[in-house]
Ligand SMILES: [Zn+2]
């Protein structure tokens, strides 16, 4: 399980803008007063996995001071998921492995948790201690949670449990109360901007990413690196927004006829782009976000009717629903494209 881009870009101090919980975590790391179980919660992309891995590096790093160093063998093994004293638990997977378990694809079963407990009660390989990182911890069934509970009450020495979840409410209150909470929230634009600037993302792309990522630093970093996304966005801009004639529309619809997945992705992108257009029109976003759109749409953003933007967005979501109902794909796209052309020629 290799590390994500996010883990290469963020350090523990990148989390400081998250506020008090992180400040006090860093303080207890410095003072050697970490507790044996943490519950890292927050929505997708808020940095749960990255924080979990960084904490695991801290607990297992070979250095005596300024841990984690990020470069020693232990830190690197944590990043690549191969450290022998790091037990990675994920729903439907064997411990620290990509191999699927036979039972419960989406669950973390009591068998897995029992194996974890057995493994943490033996000596650590490298001497520092052991870290158990449980991803999607809410997927532990009640039996598994109860099995874990006993170990959380009396943890073996130098063993740290990091429970990650988007839905702490789905964990047993008894489990939650044994863990120190580390709740992550949406990242503000200034912080995401700093991260992306370090990554060398240009100003134009950065603005679009801020709009699209809605506080998710993980999504922001992933989008910044995703050249395929930006190429596809250009194709949608040129194909859908750039439509000049009925025959353009027929040709584009025909070219996507056999490509349902690509057609659906294009509709997602188109929806994002039209929503951006609408937000510029309603004065909620800066016009520079749409400065690569064809001129007609930029004029519409300035002078169009509120209603027309909503109609366009409706047309896209209707098309998406029709595609999901397995209706004739080409006909659906033709109808949408003609609708877009009707709107575009007005401007
Ligand atoms: Zn290290």
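Residue numbers (the working numbering): 148 to 494.
C-beta atoms are modelled at their ideal positions from N, C-alpha and C, and glycine is treated no differently.
### Entirely enclosed beta strand (DSSP E) segments - the segment 380-416, minimum 3 residues
none
### Buried versus exposed, by CB contacts within 10 Å (16 or more), residue 167
To locate residue 167, count along the chain shown from 1; it is residue 20. It is exposed - the Cβ of residue 167 has fewer than 16 other Cβ atoms within 10 Å.
### Message
Taking only three categories from DSSP, how would you classify residue 486?
### Response
Residue numbering aside, residue 486 sits at position 339 when the chain shown is read from its first letter. If DSSP states are grouped into helix, strand and coil, residue 486 belongs with the helices.
### Query
Mind checking whether the beta-carbon of residue 208 lies closer than 7 Å to any heavy atom of ligand 1?
Walking along the chain shown from the start, residue 208 turns up at place 61. Checking every heavy atom of ligand 1 against the Cβ of residue 208, one is found closer than 7 Å.
### Message
With a threshold of 8 Å, are at least 3 pairs of Cβ atoms found where one atom belongs to the segment 287-303 and the other to the segment 256-274?
### Response
yes
### Task
Verify the contact flag: residue 218, CB atom, against every heavy atom of ligand 1, threshold strictly below 7 Å.
Position 71 of the chain shown, counted from the start, is the residue given in the question as residue 218. Yes; taking the cut-off as 7 Å, the Cβ of residue 218 has a heavy atom of ligand 1 nearer than that.
### Task
Would you kindly work out how many angstroms separate the C-alpha atoms of residue 272 and residue 286, rounded to a whole number?
Taking the chain shown and counting its residues from 1, one reaches residue 272 at position 125. Taking the chain shown and counting its residues from 1, one reaches residue 286 at position 139. Going from the Cα of residue 272 to the Cα of residue 286 covers about 28 Å.
### Query
In this structure, what does DSSP give as the bridge partners for residue 185?
In the chain shown, residue 185 corresponds to position 38, counting from 1. In the DSSP output, where bridge partners are listed per residue, residue 185 has 309 and 327.
### Query
What's the C-alpha gap between residue 449 and residue 208?
What you label residue 449 is simply residue 302 of the chain shown in a count that begins at 1. What you label residue 208 is simply residue 61 of the chain shown in a count that begins at 1. Residue 449 and residue 208: Cα-Cα distance of roughly 56 Å.
#### Entry: Candidates 387, 236, 347 and 172, of which the one nearest residue 443 by Cα
Residue numbering aside, residue 443 sits at position 296 when the chain shown is read from its first letter. Nearest option by C-alpha distance: 387.
### Message
Give me the residue from 249, 306 and 252 with the minimum Cα distance to residue 277.
### Response
Within the chain shown, numbered from 1, the residue matching residue 277 stands at position 130. Of 249, 306 and 252, the residue nearest in Cα terms is 306.
#### Entry: Residues of its chain near residue 164, where Cβ-Cβ distance is below 6 Å and the 5 sequence neighbours each way are ignored
Working through the chain shown from its first residue, we reach residue 164 at position 17. Excluding residues within five positions, the ones whose Cβ falls inside 6 Å are 338.
### Message
Can you list, in chain order, the residues of its chain with a C-beta nearer than 7 Å to that of residue 409? Leave out the 5 residues immediately preceding and following it.
### Response
Here residue 409 is taken as the residue at index 262 of the chain shown, counted from 1. So the list reads 403, once near-sequence residues are dropped.
### Message
I'd like to know whether the C-beta atoms of residue 421 and residue 460 end up nearer to each other than 8 Å.
### Response
Working through the chain shown from its first residue, we reach residue 421 at position 274. Working through the chain shown from its first residue, we reach residue 460 at position 313. Yes.
### Task
Measure the CB-CB distance between residue 311 and residue 284 and report whether it falls below 8 Å.
On the chain shown, position 164 is the one that residue 311 refers to. On the chain shown, position 137 is the one that residue 284 refers to. Their beta carbons are under 8 Å apart, which means residue 311 touches residue 284 by this criterion.
### Task
Could you pull out every residue in the same chain whose Cβ sits closer than 7 Å to the Cβ of residue 330, ignoring the five residues on either side in sequence?
Here residue 330 is taken as the residue at index 183 of the chain shown, counted from 1. Excluding positions up to five away in sequence, the list reads 168, 188 and 189.
### Message
Using the Cβ count rule (16 or more neighbours within 10 Å means buried), how would you classify residue 226?
### Response
By one-based count along the chain shown, residue 226 stands at place 79. Buried: at least 16 other Cβ atoms inside 10 Å.
#### Entry: residue 150, DSSP secondary structure in three states
For the purposes of this step, residue 150 is taken as the residue at position 3 of the chain shown. Confidence is the limiting factor: at residue 150 the pLDDT is only 47, short of 50, which leaves the residue's position unreliable and the question unanswerable from this model.
### Closest by C-alpha distance to residue 497, when choosing among 212, 423, 370 and 466
Any answer about residue 497 is impossible in this case: the structure gives the chain only from 148 up to 494.
#### Entry: residue 221 beta carbon near ligand 1 (any heavy atom closer than 7 Å)
Start at 1 with the first residue of the chain shown, and residue 221 comes out as number 74. For ligand 1, at least one heavy atom lies less than 7 Å from the Cβ of residue 221.
### Message
Could you pull the DSSP bridge partners for residue 233 from this structure?
### Response
If you number the chain shown from 1, residue 233 lands on position 86. Looking at the DSSP assignment, residue 233 forms a beta bridge with 278.
### Message
Given the structure, does residue 231 come close to ligand 1, in the sense that its CB is under 7 Å from one of the ligand's heavy atoms?
### Response
Position 84 of the chain shown, counted from the first residue, corresponds to residue 231. Checking the Cβ of residue 231 against ligand 1 gives no.
### Message
When you measure from the CB of residue 204 to every non-hydrogen atom of ligand 1, does any distance come out below 7 Å?
### Response
Position 57 of the chain shown, counted from the start, is the residue given in the question as residue 204. Yes, since a heavy atom of ligand 1 falls inside the 7 Å radius drawn around the Cβ of residue 204.
### Query
Run through DSSP, which three-state label would residue 156 get?
Taking the first residue of the chain shown as 1, we reach residue 156 at position 9. Reduced to three states, the DSSP call for residue 156 is helix.
### The alpha helix (DSSP H) enclosing residue 444, as first and last residue numbers
Within the chain shown, numbered from 1, the residue matching residue 444 stands at position 297. Residue 444: member of the alpha helix (DSSP H) spanning 442-450, first to last residue.
#### Entry: Through-space distance from residue 455 to residue 478, alpha-carbon basis
Here residue 478 refers to the residue found at position 331 when the chain shown is read from its first residue. Here residue 455 refers to the residue found at position 308 when the chain shown is read from its first residue. Answer to the nearest angstrom: the Cα atoms are 22 Å apart.
### Query
Beta carbon of residue 363, beta carbon of residue 192: below 8 Å?
Taking the chain shown and counting its residues from 1, one reaches residue 363 at position 216. Taking the chain shown and counting its residues from 1, one reaches residue 192 at position 45. Yes. Within cutoff.
### Query
Can you give the Cα-Cα distance for residue 250 and residue 203, rounded to whole angstroms?
In the chain shown, residue 250 corresponds to position 103, counting from 1. In the chain shown, residue 203 corresponds to position 56, counting from 1. Taking the straight line from one Cα to the other gives about 28 Å.
### Task
Can you tell me which of 214, 368, 360 and 358 puts its alpha carbon nearest to the alpha carbon of residue 345?
Numbered from 1 along the chain shown, position 198 holds the residue referred to as residue 345. When only C-alpha atoms are compared, the closest one is 368.
### Task
Note down the Cα distance separating residue 231 from residue 376, rounded to an integer number of angstroms.
As a position in the chain shown, residue 231 is number 84, starting the count at 1. As a position in the chain shown, residue 376 is number 229, starting the count at 1. Whole-angstrom Cα-Cα distance: 36 Å.
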